[in-house]
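> This is the structure, below, for whatever I ask next.
Here it is, written out as structure tokens:
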């Protein structure tokens with residue numbers, strides 16, 4: 001078999017995210033018989049294999065117990081299948097990415113053993129825990145790092161003032177100056193997880209072109225089959 005190549009959609013997505021890096025995407029999951037949707041910002045597009053780009057965003061999960069964020073529970077309790085719609089308004093293009101999703105929490109979390117680390121690693125010596133740590137350190141701002149010290153998202157609270165007691169910002173690992181800040185880093189990292197998407201179908205819609213164009217790639221083995229669709 002000839003060497004598998006990168007899918008055609010990856011170069012298009014790389015260019016879009018390079019030109020418009022702050023654009024959020026919309027992620028849909030299933031919660032029992034109900035659809036759930038939220039906005040996320042993918043932090044990394046990484047080649048696990050030459051033919052297999054992974055999209056990596058983040059989420060939080062409470063460590064050492066079975067209480068997880070709604071997003072995590074929907075992945076682990078029902079189906080790993082998710083869909084991500086990513087609209088870039090200036091070039092007027094949309095990616096719709098259908099994928100299997102996996103959670104990578106702290107190594108001591110009960111969910112850690114279910115992450116397919118070997119299969120999704122770019123190389124035999126790739127360190128997923130190092131990837132998780134570096135994402136937290138280098139791609140999360142001070143306020144985002146502090147958000148991993150809050151109670152589980154969606155938990156009821158008595159009033160908005162409760163949030164005033166939560167840390168607003170925490171420094172990056174290695175930049176702490178007090179024991180309290182170092183403890184905050186440990187706790188935030190314990191709740192910090194990677195949310196890894198393994199695509200198997202991608203649609204690309206171009207609305208600036210007239211007539212509009214729509215293209216689909218479907219993963220078959222190590223090859224991506226390209227199909228032109230009616231927009």
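Residue numbers (UniProt numbering): 1 to 231.
Ideal Cβ placement from N, Cα and C applies to all residues, glycine included.
Looking only at C-alpha atoms, which of 25, 104, 29 sits nearest to residue 59?
104
> Nearest CA to the CA of residue 40: which residue from 84, 79, 18?
84
> Put residue 195 into one of helix, strand or coil per three-state DSSP.
strand
> Are the segment 123 to 143 and the segment 189 to 203 touching, with three or more C-beta to C-beta distances below 8 Å?
yes
> Starting from residue 11, trace the beta strand (DSSP E) both ways and give me its first and last residue.
It is not in any beta strand (DSSP E) - residue 11 instead sits in the alpha helix (DSSP H) that spans 8 to 19.
> Taking the DSSP output, what are the residues bridged to residue 203?
According to DSSP, residue pairing for residue 203 in a beta bridge involves 96, 216.
> Three-state secondary structure (DSSP) at residue 149?
coil
> Residue 202 and residue 95: beta carbons closer than 8 Å?
yes
> Roughly how many angstroms lie between the CA atoms of residue 122 and residue 48, to the nearest whole one?
4 Å
> Compute the Euclidean distance between the alpha carbons of residue 120 and residue 28, then round it to the nearest angstrom.
22 Å
> Enumerate in chain order the residues of its own chain whose CB-to-CB distance from residue 92 is below 6 Å, with the five nearest sequence positions on each side excluded.
207, 208
> Going by C-alpha to C-alpha distance, which of 228, 221, 223 sits closest to residue 213?
228
> Taking the beta carbon of residue 170 as the centre, do at least 16 other beta carbons fall within 10 Å, making it buried, or is it exposed?
buried
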